[in-house]
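**Student:** Structure incoming, see below.
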Amino acid sequence: MCIKNLLQTGTMPRFKTILVTGGAGYIGSHCVVDLVNAGHEVVAIDNFANAVGDDEGSPALRRVEEITGKKVTFYKADLLNKSQIGDIFDKHPIDCVIHFAALKAVGESMQQPLLYYQNNLLGMLNLLEIMRSHNCFQMVFSSSCTVYGEPKHLPITEDHPTGNITNVYGRTKYFIEEMLKDLSIADKRWNIISLRYFNPVGAHPSGLIGEDPTKEFTNLMPFMAQVALGKKPVLTVFGNDYQTPDGTGVRDYIHVMDLASGHVAALNLLSENHVGLKVYNLGTGRGVSVKELVEVFEKVTSTKIPLQYEARRLGDITAMWADATLAKNELHWVTKHTIEEMCTDFWRWQTMNPDGYPKKNVKTSVIVNGKSSS
Ligand code: UFG
Numbered sequence: 075m076c077i078k079n080l081l082q083t084g085t086m087p088r089f090k091t092i093l094v095t096g097g098a099g100y101i102g103s104h105c106v107v108d109l110v111n112a113g114h115e116v117v118a119i120d121n122f123a124n125a126v127g128d129d130e131g132s133p134a135l136r137r138v139e140e141i142t143g144k145k146v147t148f149y150k151a152d153l154l155n156k157s158q159i160g161d162i163f164d165k166h167p168i169d170c171v172i173h174f175a176a177l178k179a180v181g182e183s184m185q186q187p188l189l190y191y192q193n194n195l196l197g198m199l200n201l202l203e204i205m206r207s208h209n210c211f212q213m214v215f216s217s218s219c220t221v222y223g224e225p226k227h228l229p230i231t232e233d234h235p236t237g238n239i240t241n242v243y244g245r246t247k248y249f250i251e252e253m254l255k256d257l258s259i260a261d262k263r264w265n266i267i268s269l270r271y272f273n274p275v276g277a278h279p280s281g282l283i284g285e286d287p288t289k290e291f292t293n294l295m296p297f298m299a300q301v302a303l304g305k306k307p308v309l310t311v312f313g314n315d316y317q318t319p320d321g322t323g324v325r326d327y328i329h330v331m332d333l334a335s336g337h338v339a340a341l342n343l344l345s346e347n348h349v350g351l352k353v354y355n356l357g358t359g360r361g362v363s364v365k366e367l368v369e370v371f372e373k374v375t376s377t378k379i380p381l382q383y384e385a386r387r388l389g390d391i392t393a394m395w396a397d398a399t400l401a402k403n404e405l406h407w408v409t410k411h412t413i414e415e416m417c418t419d420f421w422r423w424q425t426m427n428p429d430g431y432p433k434k435n436v437k438t439s440v441i442v443n444g445k446s447s448s
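Residues 75 to 448 in this note's numbering are what the sequence shown spells out, letter by letter.
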């Protein structure tokens, strides 16, 4: 790989102001904590498609302010509304964009493909055009291990083939990566890192922020926590006849705070180097089965999760875990949190907030549309 270090030549300043799209969401809000702690000015936007909030602001970002002791500028804004996003770029000297905002429910994407293509692809197109017109060419894109489809080898390295995907949501991530490839070849000013996440779980150790999807739970850990809380009677395990040590599906679960620090590392690399387009896996490198995760969760939370085995879920793959060596070598990033911590931290968030964030009459001190509401 050839990365020209521009910092050594003193031609490229470090980034100050970061636009975070989807900043009120699960991964976005955790990332904002790390960005603010790293000294960045954050301008967060969200349309609340899959995050709690209203015209008054975002309870997640209010809590980010509590955790960090710093203000976060927030706009309720939609990437499909170009003039709204253009105004934000006019107002703030954005150095780099971290683009999380996307619809992400696999099942829903199969039922409403146009909604997913419009939101995820058009949203990205609009964002890239607005960035270009404001001379902002630096981006960290939130991609997914789903772009690999059924693995041909494990662990998965970044050069594993992509595109053989069985769901619409995954295809939107893949199409965007292809679009970014074309763009970075056509216009050398672009400097983009695409981060392929494995399975993000856990929550900030304070218990103040965590995952509170506005849609029906489908991912394993939030569902398991609902069962542990007694809100759901049983955890359905989809398939115990996989070719894995205990027959259940294997994934690479990564603590959301490790994922967040991966974004800061990517930002640091972009601020010092011109990479064109680079792709990195963010995972722990360790595969954990559904049964194993349930056992650890039961142990650290002293709860019992009743299980019910059912047929495999349509479109699920057998096993997937990352080779995260490239991120270690080039981003100087490694995961720090164990599976036990992922479970403990998620449970702390869930028990402190059994119904998630406050849903109504949310008063936040977050700056909304440029004005402080406190
Ligand atoms: N599982 C269960 N019961 C549940 C939920 C999940 O047994 O109630 C199992 C699944 O079958 C799988 C494992 O737990 O073996 C993990 O499932 P998740 O739904 O938590 O996560 P996925 O690996 O299916 O999803 C991830 C990302 C998606 C991405 C998808 C692509 O979360 O964003 O990979 O396959 F689209």
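Note that CB positions come from ideal geometry on N, CA and C, so glycine has one too.
Contact defined as beta carbons within less than 8 Å: I believe Ile168 pairs with His208. What is the distance between those atoms, to the nearest angstrom?
**Tutor:** 7 Å
**Student:** If distances are taken between C-alpha atoms only, which option among Lys402, Val126, Tyr431 comes closest to Gly96?
**Tutor:** Val126
**Student:** For the beta strand (DSSP E) holding Pro274, just list the boundary residues, first then last.
**Tutor:** 273-275
**Student:** Quick one: measure Cβ to Cβ for Asn265 and Gly160, integer angstroms, because I've assumed they're closer than 8 Å.
**Tutor:** About 21 Å separates the two Cβ atoms, so there is no contact after all.
**Student:** Taking Ile141 as the reference, which of Ile119, Thr240, Asn111 has the closest Cα?
**Tutor:** Asn111
**Student:** How would you label Lys178, buried or exposed, when you count the other beta carbons within 10 angstroms and need 16 or more for buried?
**Tutor:** buried
**Student:** Under three-state DSSP, which class holds His227?
**Tutor:** coil
**Student:** Alpha carbon to alpha carbon, how far is Leu303 from Ala118? Give it in angstroms, no decimals.
**Tutor:** 32 Å
**Student:** Threshold first: 3 residues or longer. Then list the beta strand (DSSP E) segments lying entirely within the region 162-187, N to C.
**Tutor:** Taking only runs of at least 3 residues, the beta strand (DSSP E) segments lying wholly in the region 162-187 are 170-173.
**Student:** Cα-Cα, which of Ile379, Ala334, Glu346 is closest to Lys410?
**Tutor:** Ala334
**Student:** Within a Cβ cutoff of 7 Å, which residues of the same chain sit near Thr477, ignoring the five residues on either side of it in sequence?
**Tutor:** The structure shown has nothing for residue 477, since the chain only spans 75 to 448.
**Student:** Would you kindly work out how many angstroms separate the C-alpha atoms of Phe297 and Glu251, rounded to a whole number?
**Tutor:** The alpha-carbon separation between Phe297 and Glu251 amounts to approximately 30 Å.
**Student:** Pull the bridge partners of Val324 from the DSSP assignment, please.
**Tutor:** When DSSP reads this structure, Val324 sits in a beta bridge with Ser363, Ala393.
**Student:** Is the beta carbon of Val36 within less than 7 Å of some heavy atom of the ligand UFG?
**Tutor:** This structure cannot settle anything about residue 36, because the visible part of the chain is limited to 75 through 448.
**Student:** Measuring alpha carbon to alpha carbon, tell me which of Gly197, Glu139, Gln192 ends up nearest His173.
**Tutor:** Gly197
**Student:** Is there contact here, the region 266-283 with the region 130-144, by at least three beta-carbon pairs under 8 Å?
**Tutor:** yes
**Student:** Can you find the residues in the same chain that come closer than 6 Å, C-beta to C-beta, to Val338, ignoring five residues on each side of it along the sequence?
**Tutor:** Asp108, Ala112
**Student:** Report the three-state DSSP secondary structure of Glu232 (helix, strand or coil).
**Tutor:** coil
**Student:** Output yes or no for whether 8 Å exceeds the beta carbon distance between Phe163 and Ile101.
**Tutor:** no
**Student:** Confirm the yes/no value for this check: CB of Val126, any heavy atom of the ligand UFG, distance under 7 Å.
**Tutor:** No.
**Student:** Is the beta carbon of Arg263 closer than 8 Å to that of Val221?
**Tutor:** In this structure, Arg263 does not lie closer than 8 Å to Val221 by Cβ.
**Student:** Work out the CA separation of Leu282 and Thr377 for me, nearest whole Å.
**Tutor:** 21 Å
**Student:** My output table needs one value for Thr288: the three-state DSSP class, helix, strand or coil.
**Tutor:** coil
**Student:** Considering just the uninterrupted stretch of the alpha helix (DSSP H) at Ile379, what are its terminal residues?
**Tutor:** Run containing Ile379: none; DSSP gives neither H nor E here.
**Student:** Taking only three categories from DSSP, how would you classify Pro432?
**Tutor:** coil
**Student:** Nearer than 7 Å: is that true of the beta carbon of Asp397 relative to any heavy atom of the ligand UFG?
**Tutor:** no
**Student:** Would you say Asn200 touches the ligand UFG, meaning its beta carbon is less than 7 Å from a heavy atom?
**Tutor:** Incorrect: Asn200 has no Cβ contact closer than 7 Å to the ligand UFG.
**Student:** Should Asn273 be counted as a contact of the ligand UFG given a C-beta to heavy atom distance under 7 Å?
**Tutor:** yes
**Student:** With a threshold of 7 Å on Cβ separation, who are the neighbours of Arg360 within its own chain once the five nearest residues in sequence on each side are excluded?
**Tutor:** Asp326, Trp395
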